[in-house]
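Participant: If you want my numbering, it's the 1-based position in the sequence shown plus 338.
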Amino acid sequence: MYVSSVARKDVTIWRATFFIMYGTGFFFLKNYLKKKDMEIQKALEIERLRFQLITAEKDFLRSQINPHLLFNTLNFIKNATRHNPENARKAITGLSDLMEYALEDSKNDVVPLAKELEQVENMIQLNQLRFEQQLNMSYVKEISDGQAEMIPIVLLTLVENIFKHGIFNDPDYPAIIEVRSSEEEIYFATSNLTKYSGEKRGSCTGLCNISARLAQAYPGRYNFEYGMNGAYFDVELKISFLF
339 MYVSSVARKD
349 VTIWRATFFI
359 MYGTGFFFLK
369 NYLKKKDMEI
379 QKALEIERLR
389 FQLITAEKDF
399 LRSQINPHLL
409 FNTLNFIKNA
419 TRHNPENARK
429 AITGLSDLME
439 YALEDSKNDV
449 VPLAKELEQV
459 ENMIQLNQLR
469 FEQQLNMSYV
479 KEISDGQAEM
489 IPIVLLTLVE
499 NIFKHGIFND
509 PDYPAIIEVR
519 SSEEEIYFAT
529 SNLTKYSGEK
539 RGSCTGLCNI
549 SARLAQAYPG
559 RYNFEYGMNG
569 AYFDVELKIS
579 FLF
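#1: With distances taken from CA atoms, which of A440, I415 and M437 is nearest K428?
#2: Just the C-alpha distance for S574 and P423, rounded to the nearest angstrom, thanks.
#3: Three-state secondary structure (DSSP) at I548?
#4: Near S541, what residues of its chain come up, given a Cβ to Cβ distance below 8 Å and the 5 sequence neighbours on each side ignored?
#5: Start and end of the alpha helix (DSSP H) containing E459?
#6: Tell me which residue opens and which closes the beta strand (DSSP E) that G504 is part of.
#7: Would you call the stretch 442-458 and the stretch 482-496 in contact, with 3 or more CB pairs under 8 Å?
#8: Which term fits A420, buried or exposed, when burial requires 16 or more other beta carbons within 10 angstroms of its beta carbon?
#9: Find out if the Cβ-Cβ distance for the pair F526, V517 is shorter than 9 Å.
#10: For R559, which of helix, strand or coil comes out of DSSP?
#11: For the structure I just gave you, are there three or more beta carbon pairs, one from the stretch 431-441 and one from the stretch 460-468, closer than 8 Å?
#12: Closest by CA to T532, which one among Q485, P509 and H503?
#13: Taking the beta strand (DSSP E) that Y570 belongs to, which residues open and close that run?
#14: Three-state secondary structure (DSSP) at A513?
#15: From which residue to which residue does the beta strand (DSSP E) around S476 run?
#16: Strictly by DSSP, which residues pair up with R518?
#17: Mapping DSSP to helix, strand and coil, what is G413?
#18: By a C-beta neighbour count over all protein chains shown, 10 Å radius and 16 as the cutoff for buried, is S401 buried or exposed?
#19: List the endpoints of the continuous alpha helix (DSSP H) containing E438.
#20: Could you please give me the residues that DSSP links to M566 through a beta bridge?
#21: For N530, does the three-state DSSP call read helix, strand or coil?
#22: Sort out for me which residues DSSP pairs E487 with in a bridge.
#23: Could you compute how far the alpha carbon of A440 sits from the alpha carbon of G568?
#24: Look up Q472 in the DSSP assignment and say whether it is helix, strand or coil.
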């Protein structure tokens, strides 16, 4: 009887010890899991805020490009309306397409190259209407895949800059727009006589914004150079599809 009583006492102590250890372990495990869950939630929140910041930055950079593009184009309509009703009709149609693209399609992260070039050609036509087909310029396009995707408004803004700063009245020195694409890359270049010297050209805010967008969209996969080359302002952009 005495041995049995001692045995039961030992079992009771062992059970008590076990439950104490189990309870302590469960407490620490629960706290550990709670801490890890808080860390995960914090990491997700930081990632969500980072995504919102990137989205806001992209919208901010676009917002500096689109209004500038659209407000300058309104002058084309004024000139065409006063001097030639048929050109006014064409200009209104062209501007409507341009606005739809700039305000709606530019919300997409990428667009087909062919769609961007459609509006580049629309911009060229609007300016040709304005100057009654007297612009001296060369437009070269060699596209192997029009469905190749790129971020929107970039090429359009570069062309718009030509019409804002360029000189087109000398047939011996036409402005040049060249765009080519292959399976490996998109190549885009412009060259034009400019109204300003390198010192007077300004801050090139639009070009800086394009640089920021390219760096964000194509890190390590693009080359963007621009600057004065004698009396010319040259731009060259290469976007690689290869990772």
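Heads up, the beta-carbon is just placed ideally off N, CA and C, and yes, glycines get one too. From a predicted model like this one, the values you see are computed outputs, not experimental measurements.
Facilitator: Inspection of the coordinates gives the following:
#1: I415
#2: With the sequence shown as reference, residue 574 is identified as Glu, and Ser is not the correct amino acid for it. The straight-line gap from Cα to Cα measures roughly 37 Å.
#3: helix
#4: With a pLDDT of 49 at S541, under the threshold of 50, the modelled position of that residue is not reliable, and the figure given next carries that caveat. Result list for S541: empty, nothing under 8 Å.
#5: L451 to R468
#6: No beta strand (DSSP E) contains G504, which DSSP labels as neither H nor E.
#7: yes
#8: Sequence check: residue 420 is Arg here, not Ala. R420 comes out exposed.
#9: yes
#10: coil
#11: Yes, they touch.
#12: H503
#13: Residue range Y570 to S578 is occupied by the beta strand (DSSP E) that includes Y570.
#14: strand
#15: M475 to I481
#16: E480 and Y525
#17: For clarity, residue 413 is Asn in the given sequence; the question names Gly instead. In the displayed model, N413 falls within a helix according to three-state DSSP.
#18: With a pLDDT of 49 at S401, under the threshold of 50, the modelled position of that residue is not reliable, and the figure given next carries that caveat. Burial call: exposed.
#19: P423 to L441
#20: F571
#21: In the structure shown, the three-state DSSP call for N530 is strand.
#22: P450
#23: Note on geometry: alpha-carbon atoms of A440 and G568 lie some 33 Å from one another.
#24: coil
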